[in-house]
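>
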Amino acid sequence: MTKHSITYNLAQKSWYQSLRKEFWRKPSRLTALKVVIACIVQVIPFSIFINPFWGTTLSLGTVAAALAETDDHPKGRLKALIITIISFAITTTSVAILKPYPIIFGVGFISSTILFVLIGGVSERYRGISYGAILIGIYAMLGLDKNMDWYLQPLLLCSGALFYGAISLFLLYKKPGRLVEEQLSRGFNALSAYLEEKAKFFPISENKESNISSKLAILNVNVVTSLEKCKEVINNYGEEVKDQKELAPFLQRFMLLQSLHERAASSHERYEKLKDKTEYKEILEGFAELLHQLSHASKTLAESMLTGQKYNHPVSIAWIISALEFEIDKLPDYDRELLELLLHNLTRSHTSLKNLYNPEISTSIPRLGQDERSFWKRIKDQLTIKHPRFRYAIRLSMCFLVGYIIVITNNMEKGEWIILTSLFVCQPTYSETKKRLFERILGTLSGVVLGISLVSFMPTFAGQILLILLSIYFFFYFKNSNYSYAVVFITIYVLAGNNMTANMGVEVMLPRLIDTIIGAALAFLSIRFLWPNWQHKQLPTLLSSALKNNAFYLSEIWDEYKYPKEDDYNYRLARRLAHKSDNALTLSWQSMRVEPKKRKRALDNAFTITYLNHVLLSYISAFGAQRDELKALPLDTESIINTINLTLKEAASRISNIQPKDAEVKVPLLKPLLIKLRDQIDNLKDSKQKQQLRLLYNIAGVSNKLLRESADVVK
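Letter by letter, the sequence shown follows residues 34 to 748 in my numbering.
#1: Using CA atoms only, rank isn't needed, just tell me which of LEU327, ILE361, GLU360 is closest to ASN345.
#2: Among PHE507, ASN675, ALA297, whose alpha-carbon lies nearest the alpha-carbon of VAL69?
#3: Can you tell me where the alpha helix (DSSP H) with ASP712 in it begins and where it stops?
#4: Are the Cβ atoms of LEU224 and HIS329 separated by less than 9 Å?
#5: Skipping 5 residues on each side, what residues in its chain have a beta carbon closer than 7 Å to that of SER430?
#6: What are the boundary residues of the alpha helix (DSSP H) that PRO78 is part of?
#7: Taking all protein chains shown into account, do 16 or more other C-beta atoms lie within 10 angstroms of the C-beta of PRO597, making it buried, or fewer, making it exposed?
#8: Are the CB atoms of THR534 and PRO78 nearer to each other than 9 Å?
#9: Skipping 5 residues on each side, what residues in its chain have a beta carbon closer than 6 Å to that of LEU228?
#10: Helix, strand or coil for GLY341? Go by DSSP, reduced to three states.
#11: For the alpha helix (DSSP H) containing ASP178, name the first residue and the last one.
#12: If you draw a straight line from the C-alpha of LEU131 to the C-alpha of PHE138, how long is it?
#13: Could you spell out the range, first to last residue, of the alpha helix (DSSP H) harbouring THR643?
#14: Can you tell me which of the three DSSP states ARG406 falls into?
#15: Indicate whether VAL128 and MET181 have their beta-carbon atoms separated by less than 9 Å.
#16: For ASN638 and GLN568, I'd like the C-alpha separation in whole angstroms.
#17: Under 8 Å by Cβ, that's how I've got ALA655 and SER300 pegged, so tell me the actual separation to the nearest angstrom.
#18: Please state whether DSSP places GLY161 in a helix, a strand or coil.
#19: Distance, Cα to Cα, VAL266 vs ARG605?
#20: Could you give the residue range of the alpha helix (DSSP H) that holds GLY448?
#21: For LYS231, collect the residues of the same chain with a Cβ closer than 7 Å to its Cβ; drop the 5 residues on either side in sequence, then sort them by chain order.
#22: Does MET625 come out as helix, strand or coil in the three-state DSSP assignment?
#23: Mind reading off the beta-carbon distance from ILE200 to ALA71? Whole number of angstroms is fine, and I expect it under 8 Å.
#24: How close, in whole Å, do the beta carbons of ASP104 and GLN216 come, if the pair is a contact with beta carbons under 8 Å?
#25: For the putative contact between TYR510 and ALA65, defined by C-beta atoms under 8 Å, what is the C-beta separation to the nearest angstrom?
#26: Hey, how far is the Cα of GLU214 from the Cα of PHE283?
#27: In three-state terms, what does DSSP make of GLY154?
#28: Could you compute how far the alpha carbon of ALA99 sits from the alpha carbon of SER92?
#29: Can you name, in chain order, every residue of its own chain whose Cβ lies under 7 Å from the Cβ of ALA166, other than the five neighbours on each side?
#30: Looking at LEU202: is its Cβ nearer than 9 Å to the Cβ of LEU453?
#31: Could you tell me whether the stretch 700-710 touches the stretch 680-690, where touching means 3 or more Cβ pairs closer than 8 Å?
#32: Could you check how far apart the C-beta atoms of LEU555 and VAL435 are, in whole angstroms? I think they sit under 8 Å.
#33: Just confirm the distance between the C-beta atoms of ARG727 and ILE714, as a whole number of angstroms; I'd bet it's less than 8 Å.
#34: Give me the Cβ distance between LYS738 and LEU645, rounded to the nearest whole Å; I'm assuming they're in contact under 8 Å.
#35: Measure from the alpha carbon of LEU575 to the alpha carbon of each residue in ASP366, PHE562, SER743, then state which is nearest.
#36: Do three or more CB pairs link the stretch 522-529 to the stretch 474-488 at distances below 8 Å?
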């Protein structure tokens with residue numbers, strides 16, 4: 034039987050198709066499998082035929098290379114691999130040569146840490162490489178043996194990294210677009226979760242509205258973060274391909290994700306106004322089902338990009354829309370107008386997904402924002418004590434310095450585990466560090482208990498190898514989804530590796546646990562006392578930025594309406610900035626919740642501002658989502674928009690310029706405009722104009738509430 038016939042027969046088996054689909058559905062499985070394959074080829078033969086130390090050291094190089102890897106085009110990945118191996122070689126060789134000289138080594142180690150962290154701030158590609166270089170250096174410190182040749186460990190670590198890099202690069206060349214598809218699928222999955230939560234609005238009680246809106250703000254962070262990562266990966270690919278038309282399919286999906294997100298984030302009215310009318314219960318439940326189905330469609334599209342199967346749009350969506358149209362036509366004018374824009378908005382999302390393979394033909398490729406600064410300019414911009422990256426570099430290096438002093442003064446064997454723990458736990462913000470601290474300690478404790486049990490259960494050499502391979506697989510499988518689980522498996526990996534090389538895995542775990550606690554404590558103390566960046570102090574700046582970017586977004590929507598352009602880059606930039614500001618407020622509120630009690634000033638105020646800003650953004654998004662369909666607007670629409678924009682900008686300026694000595698700041702309000710709009714709406718006969726004015730009234734109304742609340746922020 035030929036190879037082709039075997040492949041064909043397998044392809045016909047339903048179980049094979051199901052297994053294949055399930056494997057490709059989660060990108061973490063491929064990453065974990067790549068690492069395990071590289072480790073199998075190295076660990077098993079070298080451990081059996083040469084020395085277990087060789088096998089485990091090669092696997093450490095593999096792990097470091099996998100952790101340093103970033104999403105890039107094959108050509109970019111090749112460049113990154115070359116730089117990675119060179120940096121790994123320099124780092125590990127420096128450790129081998131300088132470790133016997135503690136003072137010289139300490140100065141070099143701390144200086145290189147600061148340098149690597151700053152280089153990592155240049156781009157995502159360099160961030161992975163610099164992190165891997167620091168990590169491989171600590172691995173080299175842990176594995177150094179005075180009785181071995183100085184060059185052996187650097188050679189093994191770099192060989193392990195190179196072997197994994199070659200496997201990963203080969204697989205990427207087989208399917209170059211895979212990494213973009215993975216990022217896009219994450220975006221559509223995040224959008225699916227957002228739509229699923231938004232379905233809870235129909236119907237909704239008024240006392241639950243703020244809770245759902247705050248959850249939506251948090252889920253919006255995931256969508257916008259995914260969009261940013263998609264843009265970054267597409268830009269990386271764009272730097273390497275000769276013909277930009279190769280990016281067209283990815284850009285089409287990216288633009289689709291952006292437009293679907295804008296419509297999903299839209300709110301036209303406060304729909305709880307209809308909840309008390311029992312005759313509307315079925316209509317509201319119909320909207321909930323429509324959002325559920327659109328969520329399912331987004332999830333299905335995400336899976337289709339990963340599995341390579343054709344996307345099939347759910348036919349049920351068209352049925353639901355038809356039923357809603359039929360029922361809405363029966364409603365009185367006022368109530369019908371409340372729901373028509375929403376249905377139209379969701380219908381456009383349905384149409385976009387339905388026509389996925391027949392998109393509108395564009396004569397130009399849309400531009401994406403890029404950082405035009407040179408490498409050295411990006412480094413220079415970080416060289417200020419106010420820059421978060423520079424502060425992080427100082428904090429991390431201080432952790433390493435104190436940890437290193439503890440190790441050498443107490444002559445601790447393998448005490449560099451303290452430094453390794455500090456690397457994993459120390460994060461750029463207080464909330465992230467606190468979260469990592471508990472995850473690391475809990476994961477290590479669980480890993481010790483589980484690892485000792487497994488080592489006792491599988492005491493043979495083959496059992497130790499199996500344990501190493503399984504723990505590596507599950508570490509990478511859970512690395513991005515559940516850090517606590519990942520720590521459990523990396524602890525088991527260390528335990529099994531020590532047991533295989535020195536037959537003392539169980540004995541070293543108590544010292545490792547103590548080292549973990551010390552390293553985690555150092556990381557926590559560094560962020561607690563070195564620029565903790567308490568969020569209540571950042572709130573005025575973040576709010577000012579949000580107000581300014583909301584005004585910019587609204588202004589660009591109006592500009593697009595007046596002067597439609599094929600390349601709507603400025604509009605997309607304004608939308609992106611508004612959502613990034615909204616995310617910053619949401620993350621600030623989340624961080625404030627885990628800060629020390631006496632630092633939780635303005636927590637309630639921060640929640641209200643986060644909620645109101647997200648509601649405002651949803652109304653502006655609704656206005657933007659229909660910018661190409663705005664017709665017969667009232668004559669003074671431009672004046673209304675200008676009034677809102679000027680008021681938001683003036684408030685942003687006053688808030689950003691407030692000084693601590695100022696007793697209060699007077700924030701401008703929009704009450705006169707609201708009264709004027711209310712009168713206009715009451716006197717209008719045209720239902721379409723009335724819908725548009727009501728949307729502007731909602732934008733002005735929420736803006737006014739946000740401005741009133743902002744006065745308390747600066748007190």
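All residues carry an ideal CB built from backbone N, CA and C; glycine is no exception. All figures in this text were calculated on a predicted structure; none of them were measured in a lab.
With the structure as the only source:
#1: LEU327
#2: PHE507
#3: 704-716
#4: no
#5: ILE143, THR146, ILE147
#6: 60-82
#7: exposed
#8: no
#9: ALA297, LEU324, LEU327, SER328
#10: coil
#11: Run containing ASP178: none; DSSP gives neither H nor E here.
#12: 5 Å
#13: 636-658
#14: coil
#15: no
#16: 12 Å
#17: 6 Å
#18: helix
#19: 18 Å
#20: No alpha helix (DSSP H) contains GLY448, which DSSP labels as neither H nor E.
#21: LEU249, ALA297, LEU324
#22: helix
#23: 5 Å
#24: 6 Å
#25: 4 Å
#26: 8 Å
#27: coil
#28: 11 Å
#29: SER120, PHE121, THR124, PHE149
#30: no
#31: yes
#32: 6 Å
#33: 6 Å
#34: 6 Å
#35: SER743
#36: yes
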